[in-house]
Structure formats: C-alpha cells, structure tokens
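If you're matching positions, the sequence shown starts at 4 in the working numbering and goes up one per residue.
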Amino acid sequence: MTIDNLFQKTNERVKNKEGIEYWTKEHSIHIVNDDVFQKFIKEKDDNALKIVQEIKRYFRHKQKKELKIPDTSLVVEIYAHIIPDKIADYLPGAIGDIVQGRTEIIDCGEEGHDQDRFLWDKIAEFL
C-alpha cells in the first residue's frame, strides 16, 4: 500500500474560504453543521448546491473517483439536517440536545454505505 492510499483514507478535515469544515472517506462525505455552514446555506438559494459541488470536487481529488450520489440528493440531505437542528433550539433541554447531537455532522454516504441514502434519493426525485 502506498502512502497516497493511506492518506486518502484518513479523516483529514479541511475548511474552505467561507470557513465550512468537511472531510471525505472512501464512500462518503462529512460536513460540520455549525453556524458558519448554516449561515452560508441561508445566504443564497443555490449555496447548498454550490457547497455540494465543491465537496464532490474535493472528494474526486482525494479519493481519485467520483462520489456516486446525485447532487440533488445531497442537497436534500443537507436541508434534512439543518431544519431539525434549528427546530431543536426551541425544544426542551434534553430533547433538543439529542436532536442537535444527531444533526451536528452531516454524513452522506453512497448507496450500500448509508442506510438513509434511498430516502434522500427518493425525495430528490420530486425536486
């Protein structure tokens, strides 16, 4: 195994110029769902698609292959994490904490590596 192969499978996190933090694994991308990320998504209607395309380019660079997830499916998954995270701000203590604990990292995996991939793909078909 070469050094490149070892490096590709690490959880090296990066921050883009907006301060959005993400990383890739062999079959997935991972985004930190913090205030910086949510503010960026909220600024313009197409920012979710822009960040998806950026992360997929980074994935292609790091993993030397295409991420096999449609852009629209990734956008759906992003919003499916942001909306409950914001609602959790208004829930009682422990319940809100549980919801936010499940939404703090947006883990997006390819089919066969993400148990919810079919759901995001199906919702995306309606967009």
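Every residue, glycine too, gets a C-beta built ideally from N, C-alpha and C. Since we're looking at a predicted model, the values are computed, not measured.
How should ASP88 be labelled, buried or exposed, when 16 other C-beta atoms within 10 angstroms of its C-beta is the threshold for buried?
Walking along the sequence shown from the start, residue 88 turns up at place 85. So ASP88 counts as buried.
For LYS42, which beta-bridge partners are listed by DSSP?
Here residue 42 refers to the residue found at position 39 when the sequence shown is read from its first residue. Partner(s): none; LYS42 has no beta bridge.
For GLU21 and GLN66, what's the separation of their Cα atoms in angstroms?
As a first step, residue 21 must be located in the sequence shown, where it is residue number 18. As a first step, residue 66 must be located in the sequence shown, where it is residue number 63. Cα-Cα distance, rounded: 23 Å.
Restricting to Cα atoms, I'd like to know which of LYS18, HIS30, ASN19, LEU94 is closest to GLN118.
Here residue 118 corresponds to residue number 115 of the sequence shown, with the count starting at 1. Looking at the Cα atoms, HIS30 is the closest of the given residues.
Between the alpha carbons of TRP123 and ILE32, how many angstroms are there, rounded?
Translated into positions along the sequence shown, residue 123 becomes position 120. Translated into positions along the sequence shown, residue 32 becomes position 29. Answer to the nearest angstrom: the Cα atoms are 15 Å apart.
Using three-state DSSP, classify GLU57 as helix, strand or coil.
One-based indexing of the sequence shown puts residue 57 at position 54. Three-state DSSP puts GLU57 in a helix.
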